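One structure is given below, encoded as structure tokens.
Protein chains: 2
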Amino acid sequence: MSEGARLPTAAGRGRRPARARGDDRELLILETAERLLEERPLGAISVDDLARGAGISRPTFYFYFPSKDAVLLTLLDRVVAEADATMTAVFDGSVTAPREGWQRALAAYHGTFRDHRALTVAWAEARATNAEVRALWAEVFERWVQRCATVIEAERARGAAPPGPAARDLAIALTSMNERVISASLSGDGPAIAPDDVVPVMLRVWLNAVYGTPPD
Amino acid sequence: MSEGARLPTAAGRGRRPARARGDDRELLILETAERLLEERPLGAISVDDLARGAGISRPTFYFYFPSKDAVLLTLLDRVVAEADATMTAVFDGSVTAPREGWQRALAAYHGTFRDHRALTVAWAEARATNAEVRALWAEVFERWVQRCATVIEAERARGAAPPGPAARDLAIALTSMNERVISASLSGDGPAIAPDDVVPVMLRVWLNAVYGTPPD
DNA sequence: CGAACGAGTCAACAGGGTGTCGAGTCACGG
DNA sequence: CCGTGACTCGACACCCTGTTGACTCGTTCG
């Protein structure tokens, strides 16, 4: 099917369409993966499904990716980049009140994952069995923890927050909460907080944990 | 191997050793599973491993359990029963101070899972792919949430705790934190809180979330 | 032009896992 | 001794993964 399409892409720019076909296929595989993940869990998607979805045979799939998980990893790298950008913007943005700063950070965190529901759920699933996925998550988690720990220490230093457990431990505990609460809310199994209440509830716990009775 | 063993068990009691052999085998499979889980993750254990570990062939395994996950489920049922017993004891026990009550509850929660590290990690892994495991966990989680929500409401009613987010939402958020923090601490991948600090840190977050600046 | 090359492609295979079927064995109770 | 029910497993059907080797087809270069 679609045999007639003979690299009409980027024709005007001329000069060597090298790997034009290949890039298309790669993209198609990624899109197929994202599409299939919307309708069923990662475990129910085979390499053959991805290959056929992209109009190629299974062996050809392996020409582009070393495994099914590698496709997921590529997809996740994008989300990670997006999340990092958002996170940096939020942490560097001007904060008038502490409450507002934390609120914005939590909303950004929540928003990023909510915008990629299927991917987030698949991520959680793959983390259980794939070491690379686990490592990628650990990396993201660690960055978030460090930023939060830094802020908590700053708040303590300027006397806005009382002393307490090691800032890092507190950050780990609270970030763990975020992760699990959001994951449960998105995957929909088990008791979960209603989507619209996720951020307010988390915010409340964060503020209490960092400041005791919250400011304002 | 061990062919010579000809049901010498329960010989004195006489009268039909019906299913004596079978019960042994079933037990042996469960023990094998628990033993193998100490040394490698669930995904790296095949039905054949379980069967050979119990000295039987793969088809015979299916006489006792419908699948590998069913073995895990049986193992988990025991832990759940134990956890429920502990939990009930803790919640019904006399509490002199609120702080002490929560501290005891969190320590019990943490202790139950720490005492079954391998099983807890396997549980988390299986939850990603198996609906029954997910359902069992949801049940346990829900019971814990309800008990906590009830206590939070009682504390608010008697004026010990200030109003805040729906008690149930707060309970879900905090229980989610427990789950993830303990799971990370036991599985050892990614940033985690040191084992001995898990309960103190969680306690601090719980008290702040429920009471604002904690009592005492 | 024609050989050489590299990207892209896939049928066929090897290997490992799951779950099932049917034909057994064996110890009792009638 | 003959059934019956617990128990056992060789062999099979299937599904999935990852690899191999041959093949097509543009491009490039002598």
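Taken in order, these protein sequences are the chains called A and B.
For what it's worth, our numbering labels the leading residue of the first sequence as 4, then goes sequentially.
For what it's worth, our numbering labels the leading residue of the second sequence as 4, then goes sequentially.
Glycine is no exception: its CB is placed at the ideal position from the N, C-alpha and C atoms.
Remember, it's a predicted structure, so these values are computed and weren't measured experimentally.
Is it buried or exposed, B:PRO62, if we count other Cβ atoms within 10 angstroms and call 16 or more buried? Against the second sequence, residue 62 of chain B aligns to sequence position 59. By the neighbour-count rule (16 or more Cβ atoms within 10 Å), B:PRO62 is not buried but exposed.
So B:LEU189 and B:ARG117 are supposed to be a Cβ contact under 8 Å. How far apart are they, rounded? For the purposes of this step, residue 189 of chain B is identified with residue 186 of the second sequence, where counting begins at 1. For the purposes of this step, residue 117 of chain B is identified with residue 114 of the second sequence, where counting begins at 1. Sure, about 7 Å apart at Cβ, within 8 Å.
Determine whether the Cβ of B:MET90 lies closer than 8 Å to any Cβ atom of chain A. Here the question's residue 90 of chain B lines up with position 87 in the second sequence. No, its Cβ sits nowhere closer than 8 Å to a Cβ of chain A.
Can you tell me the Cβ-Cβ gap for B:ARG183 and A:MET180, rounded? I've got them flagged as a contact below 8 Å. Residue mapping note: residue 183 of chain B aligns to position 180 of the second sequence, counting from 1. Residue mapping note: residue 180 of chain A aligns to position 177 of the first sequence, counting from 1. Rounded, the Cβ-Cβ distance is 7 Å, consistent with contact.
Determine whether the Cβ of A:LEU173 lies closer than 8 Å to any Cβ atom of chain B. Looking up residue 173 of chain A in the first sequence gives position 170. At least one chain B Cβ lies under 8 Å of A:LEU173.
Please report the straight-line C-alpha distance between B:LEU39 and B:ALA152, rounded to a whole angstrom. Indexing the second sequence from 1 puts residue 39 of chain B at position 36. Indexing the second sequence from 1 puts residue 152 of chain B at position 149. Computed Cα separation, rounded: 38 Å.
Beta-carbon separation (whole angstroms), B:LYS196 vs A:ALA176, contact threshold 8 Å: Position 193 of the second sequence, counted from the first residue, corresponds to residue 196 of chain B. Position 173 of the first sequence, counted from the first residue, corresponds to residue 176 of chain A. At residue 196 of chain B the sequence reads Ile, which differs from the Lys that was named. Sure, about 7 Å apart at Cβ, within 8 Å.
Classify A:VAL202 as helix, strand or coil using the three-state DSSP reduction. Residue mapping note: residue 202 of chain A aligns to position 199 of the first sequence, counting from 1. The answer is helix: DSSP assigns A:VAL202 an H, G or I state.
Hey, is A:THR132's beta-carbon within less than 8 Å of any beta-carbon in chain B? For the purposes of this step, residue 132 of chain A is identified with residue 129 of the first sequence, where counting begins at 1. With 8 Å as the cut-off, A:THR132 counts as an interface residue toward chain B.
For B:ASN181, does the three-state DSSP call read helix, strand or coil? Position 178 of the second sequence holds residue 181 of chain B. Correct three-state label for B:ASN181: helix.
Less than 8 Å separating the beta-carbons of B:VAL201 and B:HIS113? Residue numbering aside, residue 201 of chain B sits at position 198 when the second sequence is read from its first letter. Residue numbering aside, residue 113 of chain B sits at position 110 when the second sequence is read from its first letter. Yes; because the gap between Cβ atoms is below 8 Å, this pair is in contact.
Residue burial classification, B:ALA100 (beta-carbon count within 10 angstroms, cutoff 16): On the second sequence, position 97 is the one that residue 100 of chain B refers to. Exposed, since its Cβ has fewer than 16 Cβ neighbours within 10 Å.
Once DSSP output is grouped into helix, strand and coil, what is the label at A:ASN133? In the first sequence, the residue the question calls residue 133 of chain A occupies position 130. In the structure shown, A:ASN133 sits in coil (DSSP, three-state: anything other than H, G, I, E or B).
If contacts are defined as beta-carbon pairs under 8 Å, then A:LEU109 and A:LEU206 qualify, I think. What distance do you get, rounded to the angstrom? Taking the first residue of the first sequence as 1, we reach residue 109 of chain A at position 106. Taking the first residue of the first sequence as 1, we reach residue 206 of chain A at position 203. Distance from A:LEU109 to A:LEU206 at the Cβ level is roughly 5 Å; contact confirmed, criterion being Cβ atoms closer than 8 Å.
Comparing alpha-carbon positions, which option in A:ASP27, A:VAL74, A:LEU30 and A:ARG43 lies nearest A:VAL50? Translated into the one-based positions of the first sequence, residue 50 of chain A becomes position 47. Minimum Cα distance to A:VAL50 is reached at A:VAL74.
Rank A:PRO198, A:ALA86 and A:ALA160 by C-alpha distance to the C-alpha of A:VAL143 and give the top, closest one. On the first sequence, residue 143 of chain A is found 140 positions in, with the first residue counted as 1. If we check each option's Cα against that of A:VAL143, A:ALA86 comes out closest.
Candidates A:PHE64, A:PRO203 and A:PRO44: closest to A:LEU30 by CA position: As a working mapping, residue 30 of chain A is identified with position 27 in the first sequence. Closest by alpha carbon: A:PHE64.
Please compile the residues from chain A whose C-beta is within a distance smaller than 8 Å of the C-beta of B:TRP126. For this step, residue 126 of chain B is matched to residue 123 along the second sequence. Near B:TRP126 there are no residues of chain A at all, since even the closest Cβ is about 10 Å away, more than 8 Å.
Rounded to whole angstroms, how far is the Cβ of B:ILE59 from the Cβ of B:ARG24, which I believe are closer than 8 Å? Counting from one through the second sequence, the residue named residue 59 of chain B turns up at place 56. Counting from one through the second sequence, the residue named residue 24 of chain B turns up at place 21. Rounded, the Cβ-Cβ distance is 11 Å, inconsistent with contact.
Spatial distance of A:ALA134 from B:GLY56 (CA atoms): Along the first sequence, one-based indexing puts residue 134 of chain A at 131. Along the second sequence, one-based indexing puts residue 56 of chain B at 53. Spanning the two alpha carbons is a distance of roughly 26 Å.
If you follow the alpha helix (DSSP H) that B:HIS119 is in, where does it begin and where does it stop? Here residue 119 of chain B corresponds to residue number 116 of the second sequence, with the count starting at 1. Looking at the DSSP string, B:HIS119 is not in any alpha helix (DSSP H), and its letter there is neither H nor E.
Own chain residues within Cβ distance below 8 Å of A:PRO165, not counting five before or after: Within the first sequence, the letter at position 162 stands for residue 165 of chain A. Taken in chain order, the residues that qualify are ARG159, TYR214 and GLY215.
Determine the direct distance from the alpha carbon of A:ARG150 to that of A:ARG18, and round the result to whole angstroms. Taking the first residue of the first sequence as position 1, residue 18 of chain A is located at position 15. Taking the first residue of the first sequence as position 1, residue 150 of chain A is located at position 147. Bear in mind that the predicted position of A:ARG18 carries a pLDDT of just 44, short of 50, making it unreliable; the figure below should be weighed with that in mind. The alpha-carbon atoms of A:ARG18 and A:ARG150 are separated by roughly 46 Å.
Could you check the C-alpha separation between B:VAL148 and A:TYR67 for me, to the nearest Å? Position 145 of the second sequence, counted from the first residue, corresponds to residue 148 of chain B. Position 64 of the first sequence, counted from the first residue, corresponds to residue 67 of chain A. Using only the alpha carbons, I get a separation of about 46 Å.
Just the chain B side, please: which residues come within less than 9 Å of A:THR115 by C-beta, in chain order? Start at 1 with the first residue of the first sequence, and residue 115 of chain A comes out as number 112. One finds nothing in chain B with a Cβ atom closer than 9 Å to the Cβ of A:THR115; even the nearest lies about 18 Å away.
Excluding sequence positions up to five away, which residues of its chain have a Cβ less than 8 Å from the Cβ of A:ARG128? Position 125 of the first sequence, counting from 1, holds the residue named residue 128 of chain A. It should be pointed out that residue 128 of chain A corresponds to Glu in this sequence rather than to Arg. Cβ-Cβ distances below 8 Å link A:GLU128 to PRO44, LEU45 and GLY46 in the same chain, with the five nearest sequence neighbours on each side left out; the list follows chain order.
Say yes only if the C-beta of A:PRO165 is nearer than 7 Å to one or more non-hydrogen atoms of the ligand SAM, and no if none qualify. Questions concerning the ligand SAM fall outside what the structure shown contains, since it holds no ligand whatsoever.
Note down, in chain order, all residues in the stretch 23-38 of chain B with a beta-carbon under 9 Å from any beta-carbon belonging to chain A. The stretch 23-38 of chain B vs chain A, Cβ under 9 Å: nothing.
Option in B:VAL82, B:ILE32 and B:THR115 with minimal Cα separation from B:SER70: For the purposes of this step, residue 70 of chain B is taken as residue 67 along the second sequence, with counting starting at 1. For the residues B:VAL82, B:ILE32 and B:THR115, the minimum Cα distance to B:SER70 belongs to B:ILE32.
So, helix, strand or coil for B:VAL208, using DSSP? Position 205 of the second sequence, counted from the start, is the residue given in the question as residue 208 of chain B. Helix.
Here's a check: name, in chain order, each residue in its chain whose Cβ is nearer than 8 Å to the Cβ of A:GLU37, leaving out the five neighbours to either side. As a working mapping, residue 37 of chain A is identified with position 34 in the first sequence. Closer than 8 Å at the Cβ level, and outside the excluded window around A:GLU37, lie LEU78, ALA121 and LEU122.
Show which residues of chain B have a CB atom less than 9 Å away from the CB atom of A:THR123. Start at 1 with the first residue of the first sequence, and residue 123 of chain A comes out as number 120. Within chain B, not a single residue places a beta-carbon under 9 Å from that of A:THR123; the smallest gap is close to 13 Å.
Taking the alpha helix (DSSP H) that A:VAL83 belongs to, which residues open and close that run? Here the question's residue 83 of chain A lines up with position 80 in the first sequence. It spans 71-95 - the alpha helix (DSSP H) in which A:VAL83 sits, taken as one unbroken run.
When you compare only the Cα positions, how much space is there between A:VAL124 and A:SER186? For the purposes of this step, residue 124 of chain A is taken as the residue at position 121 of the first sequence. For the purposes of this step, residue 186 of chain A is taken as the residue at position 183 of the first sequence. Cα-Cα distance, rounded: 7 Å.
Would you say A:THR153 lies against chain B (beta-carbon separation less than 8 Å)? Within the first sequence, numbered from 1, the residue matching residue 153 of chain A stands at position 150. False, the Cβ-Cβ gap to chain B never drops below 8 Å.
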